[in-house]
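Okay, so here's the structure we're looking at.
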Amino acid sequence: MGLKEFLSKFRFKPELAGFVGIEREHFLVHAGGLAGGVHSPSAKRFLEAINDPRWTYELSAYQVESRTVPSMDLSAMRLGLLENENLGNRTATGLGLRLVNEEVAPFLSPLEVYPDPRYLKIAKTISPEKLDAASRVTGTHIHIGVGNIEKAIALNNVLIPRLNELCAMGDHSDGERLRLYRLMADNYQPTAYESSEHLFEIARAEGFTDNPRNCWKLIRISIHGTVELRMFGVTDNLDEILEWVSFVKKTARGGI
Numbered sequence: 022m023g024l025k026e027f028l029s030k031f032r033f034k035p036e037l038a039g040f041v042g043i044e045r046e047h048f049l050v051h052a053g054g055l056a057g058g059v060h061s062p063s064a065k066r067f068l069e070a071i072n073d074p075r076w077t078y079e080l081s082a083y084q085v086e087s088r089t090v091p092s093m094d095l096s097a098m099r100l101g102l103l104e105n106e107n108l109g110n111r112t113a114t115g116l117g118l119r120l121v122n123e124e125v126a127p128f129l130s131p132l133e134v135y136p137d138p139r140y141l142k143i144a145k146t147i148s149p150e151k152l153d154a155a156s157r158v159t160g161t162h163i164h165i166g167v168g169n170i171e172k173a174i175a176l177n178n179v180l181i182p183r184l185n186e187l188c189a190m191g192d193h194s195d196g197e198r199l200r201l202y203r204l205m206a207d208n209y210q211p212t213a214y215e216s217s218e219h220l221f222e223i224a225r226a227e228g229f230t231d232n233p234r235n236c237w238k239l240i241r242i243s244i245h246g247t248v249e250l251r252m253f254g255v256t257d258n259l260d261e262i263l264e265w266v267s268f269v270k271k272t273a274r275g276g277i
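Residue numbers (the numbering used here): 22 to 277.
Here's what the structure looks like:
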């Protein structure tokens, strides 16, 4: 694969430069009865019931993810988060489940993977320890839209010096979530790229040229034409999420 083919995998949308999208991962637990509070591998059942493109699956069948539409305005982001939360809670209740914002789950047994071909392949190729780590953590991911690969590299490089601060800001588990994340993701450490050619070299060395989604860096350039921050944990407090967004936007001004 050459550089041009690799870069074609990233779908940049100049009209969405500076827009922010938020992804929230949630655990599913039984709502009541003898199994009340026990984690439930019910992602497929939940997603079939909710039938909404803002909701999707993760590797673990115990988790689901909600996504907001891209926005520039914090009030619109809050509304999007609240709409997703209300819809998700109603759907879960109808299934005898609850959505739980929990950074680190206890050991899950049995470990069940969502029946997606990519995730099933990943589960077969990683160690049981890595599969356990990947299944037990959830996070909040913040995406910032950029217009092209040069802008993406510039923003990626602007954010990297603030990595430790960003990690501390989003931590509610005394570092346990990030410890498990690092156990799961060998290439978690963000890279400051000198150019698109350098990004391609790193992708070849770390094995994500065919599918850039297999780059698990805490700050990464995503196929959606965004720079994605993956270090934040989870919280019930929507205003806290918006504080993270505000800090990221302020930090990112020099790179968008």
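By construction, the Cβ of each residue, glycine as well, lies at the ideal position given by its N, Cα and C atoms.
Which residues does DSSP list as the beta-bridge partners of residue 42?
Numbered from its first residue, the sequence shown carries residue 42 at position 21. Paired residue(s): 164.
Thinking just about the alpha-carbon of each residue, which of 259, 250 and 76 is nearest to the one in residue 270?
Along the sequence shown, one-based indexing puts residue 270 at 249. Residue nearest to residue 270 within the set 259, 250 and 76 is 250 (criterion: CA-CA distance).
Among 96, 99, 67 and 179, whose alpha-carbon lies nearest the alpha-carbon of residue 86?
Stepping through the sequence shown from its first residue, residue 86 is reached at position 65. Its Cα nearest to that of residue 86, the residue 67 stands out among 96, 99, 67 and 179.
Among 161, 39, 207 and 83, the one whose alpha carbon lies nearest that of residue 134
Working through the sequence shown from its first residue, we reach residue 134 at position 113. Considering only alpha carbons, the answer is 83.
The segment 115-122 / the segment 33-51 touching (three or more Cβ pairs under 8 Å):
The segment 115-122 is in contact with the segment 33-51.
Report the rounded CA-to-CA distance for residue 72 versus residue 80, giving the unit in angstroms.
Counting from one through the sequence shown, the residue named residue 72 turns up at place 51. Counting from one through the sequence shown, the residue named residue 80 turns up at place 59. So the alpha carbons of these two residues sit roughly 19 Å apart.
Backbone CA spacing between residue 224 and residue 56 [nearest angstrom]
Here residue 224 corresponds to residue number 203 of the sequence shown, with the count starting at 1. Here residue 56 corresponds to residue number 35 of the sequence shown, with the count starting at 1. If I take the Cα positions, the gap works out to 44 Å.
Give the DSSP-derived three-state secondary structure of residue 253 in the structure shown.
Walking along the sequence shown from the start, residue 253 turns up at place 232. Strand.
Three Cβ pairs or more, each shorter than 8 Å: is that satisfied between the segment 93-109 and the segment 34-46?
Taking one beta carbon from each stretch, the segment 93-109 and the segment 34-46 have 3 or more pairs nearer than 8 Å; the two touch.
Which same chain residues, not among the five before or five after residue 257, have their C-beta less than 8 Å away from its C-beta?
For the purposes of this step, residue 257 is taken as residue 236 along the sequence shown, with counting starting at 1. The answer, listed in chain order, is 122.
In angstroms, rounded to a whole number, what distance separates the CA positions of residue 220 and residue 111?
Your numbering for residue 220 matches position 199 in the sequence shown. Your numbering for residue 111 matches position 90 in the sequence shown. Cα-Cα distance, rounded: 43 Å.
Quick check: the Cα distance between residue 169 and residue 77, rounded to an integer number of angstroms?
Against the sequence shown, residue 169 aligns to sequence position 148. Against the sequence shown, residue 77 aligns to sequence position 56. Going by the C-alpha atoms only, they are around 26 Å apart.
Taking 8 Å as the threshold, find out whether the segment 126-140 comes into contact with the segment 153-162 through three or more Cβ pairs.
Because the criterion of three Cβ pairs below 8 Å is met, the segment 126-140 and the segment 153-162 touch.
For the alpha helix (DSSP H) that contains residue 102, what are its first and last residues?
In the sequence shown, counting from the first residue as 1, residue 102 sits at position 81. Per DSSP, residue 102 belongs to the alpha helix (DSSP H) from 95-115.
Taking only three categories from DSSP, how would you classify residue 272?
As a working mapping, residue 272 is identified with position 251 in the sequence shown. The answer is helix: DSSP assigns residue 272 an H, G or I state.
Between the beta-carbon of residue 203 and the beta-carbon of residue 209, is there less than 8 Å?
Position 182 of the sequence shown, counted from the first residue, corresponds to residue 203. Position 188 of the sequence shown, counted from the first residue, corresponds to residue 209. Judged by their CB atoms, residue 203 and residue 209 are nearer to each other than the 8 Å cut-off.
Kindly indicate which three-state DSSP category residue 267 falls into: helix, strand or coil?
In the sequence shown, counting from the first residue as 1, residue 267 sits at position 246. Helix, per DSSP.
Is DSSP giving residue 202 helix, strand or coil here?
In the sequence shown, counting from the first residue as 1, residue 202 sits at position 181. In the displayed model, residue 202 falls within a helix according to three-state DSSP.
Residues that DSSP places opposite residue 242 in a beta bridge:
Numbered from its first residue, the sequence shown carries residue 242 at position 221. 248, per the DSSP bridge assignment.
Proximity below 8 Å, CB of residue 185 to CB of residue 214:
As a first step, residue 185 is located in the sequence shown; it is residue number 164 there, counting from the start. As a first step, residue 214 is located in the sequence shown; it is residue number 193 there, counting from the start. Cβ atoms of residue 185 and residue 214: not closer than 8 Å.
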